[in-house]
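Just so you know, the protein sequences line up as chains A and B, in that order.
Numbering of the first sequence is given in our numbering, commencing with residue 53 and proceeding in unit increments.
Numbering of the second sequence is given in our numbering, commencing with residue 19 and proceeding in unit increments.
Just so it is clear, CB atoms sit at the ideal spot from N, CA and C, and this is done for glycine as well.
Below is one structure, written out as structure tokens, with a few remarks after it.
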Amino acid sequence: MLQNTQTAKDANPYLPSIGTIVEIIEETPNIKTFRVVLNSEGDMKNFTFHPGQVGQLSVFGTGESTFVINSPPTRMDYLQFSVMKAGEVTAMLHTLSVGDQIGVRAPLGNWFPYEELKGKDIVFIGGGIGMAPLRTLLLYMLDNRADYGKITLLYGARSPEDMAFKYELPDWLERDDMETTLTIDAEAPGWEHSVGLIPNVLQEMNPSSENCMAITCGPPIMIKFTLQALAKLGFKDDQILTTLEKRMKCGVGICGRCNIGTKYVCVDGPVFTYAQLKELPNEL
Amino acid sequence: MAVKFLAKDNLVPWLAELAETHRTIVPKREGEAVVFRPFAKEEAPELSARPTESPKSAIFPQCDTLMSFRYTKDEEDPGKVLLDLREMKDESPAVVVGCRSCDAAGFNTFDRVYMTDKITDQNYRARRENTLFVTIICEKPATTCFCNWVGGSPTDTSGADVRMTPLEDGWVLESITEKGEPLLSSTLLKDGDDRAGDAEKIRQQAKERMPEAPDLSEAPGKVLALFENNDFWEAESAKCISCGACTYLCPTCYCFNITDESSGMEGVRLRTWDNCMSHQFTMEASGHNPRPTKAHRLKNRVGHKFSYYPNIHDGNISCVGCGRCIKSCPVSVDIRSIVLHAIAAPAETEK
Chain A
53 MLQNTQTAKD ANPYLPSIGT IVEIIEETPN IKTFRVVLNS EGDMKNFTFH
103 PGQVGQLSVF GTGESTFVIN SPPTRMDYLQ FSVMKAGEVT AMLHTLSVGD
153 QIGVRAPLGN WFPYEELKGK DIVFIGGGIG MAPLRTLLLY MLDNRADYGK
203 ITLLYGARSP EDMAFKYELP DWLERDDMET TLTIDAEAPG WEHSVGLIPN
253 VLQEMNPSSE NCMAITCGPP IMIKFTLQAL AKLGFKDDQI LTTLEKRMKC
303 GVGICGRCNI GTKYVCVDGP VFTYAQLKEL PNEL
Chain B
19 MAVKFLAKDN LVPWLAELAE THRTIVPKRE GEAVVFRPFA KEEAPELSAR
69 PTESPKSAIF PQCDTLMSFR YTKDEEDPGK VLLDLREMKD ESPAVVVGCR
119 SCDAAGFNTF DRVYMTDKIT DQNYRARREN TLFVTIICEK PATTCFCNWV
169 GGSPTDTSGA DVRMTPLEDG WVLESITEKG EPLLSSTLLK DGDDRAGDAE
219 KIRQQAKERM PEAPDLSEAP GKVLALFENN DFWEAESAKC ISCGACTYLC
269 PTCYCFNITD ESSGMEGVRL RTWDNCMSHQ FTMEASGHNP RPTKAHRLKN
319 RVGHKFSYYP NIHDGNISCV GCGRCIKSCP VSVDIRSIVL HAIAAPAETE
369 K
């Protein structure tokens, strides 16, 4: 978006930058990852964002939807978005090819407090496509490894084939500066990792809550039971971060559909601590 | 401040003069309704009846083109298709003549959201900065009027550039803002100083005719405190048919949708009024809906106007008390009663 180079008074918040899809990765049967480079060299060079911020992708003629930027600001060769096929815009995105033009309005929203997290141990708990926003912060932390304590990742999907970012998993499993646990819901041929629902596997892993922040994203039902598991493990409400999703249109706090009471997920979120969420009216 | 007098017979000629330089929008009778339309010499404006709709579309059209797009072949590489985007903005000067003070004040609600220090809605700003409002005072309130509950009055000038006060033989016109003064430069207007006293009397009477207003200062807290009380919202929304007439006629309802329309290789991105009373408003692609019932949706509409918005915007309620949502509701859902019920709800029912 032009936000980077123009003042709020002059910038048109709805006008996307135009980008080119430079690579498409078929992650799972219903998730594709798009690597996008903004056409204007200046826009791409001046593009700054924080891990956890989102963008709106446009397929002109179909519409716009919100996705997290899941490549970290430390790797700016392209902006990466992973898209699960669910509605009209995501279905149309899935038909695009390398070289196709799309609109990008980004960055939008708030971000993970990565500065405040320095020196802490981190437990990432990702379920399904919910791994995407965690990936941004995880890679950012790996690129600034000395700033953070112990890093633990629990990533779960329904089945091996539903697991995204397969090309990175071997590295994450092998690295000695992070501990990675992968899990699927039920036994599958050839699967050598954990089996079981994320909250149960998390309990078995039994991470210490001391000086630790848990960062979780996934489907609502997983979040619900993960929050309970974290509480049992001694994590306080302000030691848990999550990132929300709502139907959005404008992305800049005007159009009025993503609010939970006074808070707009598009500008006050998408990242909230569980303590902050508990203070909001119950309308997730 | 200029004070002028416009004789009855000079109304249409004066509007015709304005229309030479401004998109001029006036209330007109169409069947049983009074609606805002472009001025035309052969159709007299309807200044005495209260307009059925608000003049919201003068600045915030029901359907507005945000940008146009076009896919073109890359001449250097015919294997590629390029995308061309163009912003669309309407900066033509406009004037709305004959809306009520509550209607003009409605845009103040928009301004706090559409033109902040962080974000500017350029399409809104282009029209807002180039549109003037000539308001007409309300001599007698309708039973559905409650502008004085929410900080307004039948003679309020907070959204006006010029204010009209009707007399027997014409109108007294006062400029309220500097931008409004040029509208009064026409030779069709006579000096109005000698009629100013009569106009002031009329305005005084208009204010006195308003019934006493209840104190709504507790509304933001009380409405929010009832958030988890589903029984309360079920009861208040029981007769609502989710038609959305309230949101479309409301001068402060500013929520919108964005959609694309295309034909062949080109098209437009449109911003259209949306309706929070509709099931689809918050429906997500997964099928999940954070506001699944009309009770949830009515709670959000009332909550937004009387609690969330004032909490964010210095206590300003995002309702101007025009009463259209009551008057035009097919089943007469009354937002005043809902707010009063919330204020009166005993603390123990809050959860």
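Could you spell out where the beta strand (DSSP E) holding Asp108 (chain B) opens and where it closes?
Here Asp108 (chain B) belongs to no beta strand (DSSP E), and DSSP marks it neither H nor E.
Chain A beta carbons: is any one of them nearer than 9 angstroms to that of Thr17 (chain B)?
Nothing in the structure corresponds to residue 17 (chain B), since chain B is present only between 19 and 369.
Return the CA-CA distance between Pro45 (chain B) and Leu206 (chain B), expressed in angstroms with no decimal places.
So the alpha carbons of these two residues sit roughly 21 angstroms apart.
Going by DSSP, what residue range makes up the alpha helix (DSSP H) through Trp251 (chain B)?
First-last of the alpha helix (DSSP H) with Trp251 (chain B): Asn248 to Ser255.
Mind reading off the beta-carbon distance from Ile77 (chain B) to Arg146 (chain B)? Whole number of angstroms is fine, and I expect it under 8 angstroms.
That pair is a contact at about 5 angstroms.
Just how far apart, CA to CA, sit Glu331 (chain A) and Asp289 (chain A)?
So the alpha carbons of these two residues sit roughly 11 angstroms apart.
Could you list which residues in chain A have their beta carbon closer than 9 angstroms to that of Glu10 (chain B), in chain order?
What is shown of chain B runs 19 to 369, which leaves residue 10 (chain B) out entirely.
With DSSP run on the structure shown, which of helix, strand or coil describes Asp92 (chain B)?
If DSSP states are grouped into helix, strand and coil, Asp92 (chain B) belongs with coil.
Could you spell out the range, first to last residue, of the beta strand (DSSP E) harbouring Ile83 (chain A)?
Element bounds for Ile83 (chain A): Ile83 to Leu90.
For a test of the three-state rule: what should DSSP assign to Asn311 (chain A), helix, strand or coil?
Residue state, collapsed to three classes: strand.
Taking only beta-carbon atoms, is Phe86 (chain A) less than 9 angstroms away from chain B?
Closer than 9 angstroms: no.
Tell me whether Met19 (chain B) is buried or exposed, calling it buried when 16 or more other Cβ atoms sit within 10 Å of its Cβ.
The residue in question, Met19 (chain B), is exposed, as its Cβ has fewer than 16 Cβ neighbours within 10 Å.
If you reduce the DSSP assignment to three classes, tell me which class Asn148 (chain B) lands in.
Residue state, collapsed to three classes: coil.
For Gln55 (chain A), count neighbouring C-beta atoms within 10 Å of its own C-beta (all shown protein chains included) and say buried if the count is 16 or more, exposed if not.
Residue confidence for Gln55 (chain A) is low, a pLDDT of 45 falling below 50, so the modelled location carries little weight and cannot support an answer.
What's the gap between the Cα of Ser15 (chain A) and the Cα of Leu206 (chain A)?
No answer is possible for residue 15 (chain A): the residues shown for chain A start at 53 and end at 336.
List the whole-angstrom C-beta distance separating Cys268 (chain B) from Arg354 (chain B), where the pair is believed to meet the contact cut-off of C-beta under 8 angstroms.
Not a contact, Cβ separation roughly 14 angstroms.
Name the two residues that bound the continuous alpha helix (DSSP H) containing Asn252 (chain A).
Residues Ile250 to Met257.
Quick one: which chain B residues come within Cβ less than 9 angstroms of Tyr66 (chain A)?
In chain order: Leu84, Met85, Glu105, Asp139, Gln140, Asn141, Ile276, Arg287 and Arg289.
Restricting to Cα atoms, I'd like to know which of A:Glu75, A:Ile77, A:Gly104 and A:Tyr192 is closest to Asp320 (chain A).
Nearest C-alpha to Asp320 (chain A): A:Gly104.
Can you tell me where the alpha helix (DSSP H) with Ser355 (chain B) in it begins and where it stops?
Counting along the chain, the alpha helix (DSSP H) containing Ser355 (chain B) begins and ends at Ile353 to Ala362.
Please name the residue, chosen from B:Asn318, B:Leu358, B:Thr265 and B:Thr290, that lies closest to Gly124 (chain B) on a Cα-to-Cα basis.
Measuring from the Cα of Gly124 (chain B), the nearest candidate turns out to be B:Thr265.
Run through the segment 53-99 of chain B for me and flag every whole beta strand (DSSP E) of 3 or more residues, listed as ranges in chain order.
Segments of the beta strand (DSSP E) lying fully in the segment 53-99 of chain B: 81-91.
What did DSSP end up calling Pro68 (chain A) once you bin it into helix, strand or coil?
Three-state result, Pro68 (chain A): coil.
Are the C-beta of Ala365 (chain B) and some C-beta of chain A separated by less than 9 angstroms?
It does not; no Cβ of chain A falls within 9 angstroms.
Which term fits Ser119 (chain B), buried or exposed, when burial requires 16 or more other beta carbons within 10 angstroms of its beta carbon?
It is buried - the Cβ of Ser119 (chain B) has at least 16 other Cβ atoms within 10 Å.
What is the DSSP secondary structure of Glu186 (chain B), counted as helix, strand or coil?
Three-state DSSP puts Glu186 (chain B) in coil, outside helix and strand.
Mind listing the chain A neighbours of Tyr272 (chain B)? Cutoff is C-beta to C-beta under 9 angstroms, in chain order.
Those are Ile306, Cys307 and Gly308, listed as they occur along chain A.
How many Å lie between Asp381 (chain B) and Ile174 (chain A) at the Cα?
In the structure as shown, chain B begins at 19 and stops at 369. Residue 381 (chain B) is therefore absent and cannot be evaluated.
Considering only their Cβ atoms, is the gap separating Ser304 (chain B) from Ala184 (chain A) smaller than 9 angstroms?
Result no, Cβ atoms of Ala184 (chain A) and Ser304 (chain B) do not sit closer than 9 angstroms.
Can you tell me whether Ile276 (chain B) is helix, strand or coil according to DSSP?
Ile276 (chain B): strand per DSSP, three-state reduction.
Give me the chain B residues within the contact set of Ile70 (chain A), using Cβ-Cβ distance strictly less than 8 angstroms, ordered along the chain.
Leu101 and Leu103, listed in chain order.
For Glu368 (chain B), I'd like the list of residues in its chain whose CB is within less than 7 angstroms of its CB, leaving aside the five on either flank, ordered along the chain.
In this predicted model, Glu368 (chain B) has a pLDDT of only 49, less than 50, meaning its place in the structure is not dependable; the value taken from the coordinates is given anyway. Once the five neighbours on either side are set aside, the close Cβ partners of Glu368 (chain B) are Ala243, Leu244 and Asn247.
Mapping the DSSP letters down to three states, classify Tyr30 (chain A) as helix, strand or coil.
Absent from the structure is residue 30 (chain A), since the part of chain A shown begins at 53 and ends at 336.
Rounded to whole angstroms, what's the CA-CA distance from Thr57 (chain A) to Ile356 (chain B)? Just pull it up for me.
Low confidence applies here, because Thr57 (chain A) scores a pLDDT of 42, under 50, leaving its location unreliable and the question unanswered by this model.
Work out the CA separation of Glu38 (chain B) and Asn98 (chain A) for me, nearest whole Å.
The straight-line gap from Cα to Cα measures roughly 46 angstroms.
Assuming Pro159 (chain A) is part of the beta strand (DSSP E), what are its boundary residues?
Looking at the DSSP string, the run of the beta strand (DSSP E) that includes Pro159 (chain A) is Gln153 to Leu160.
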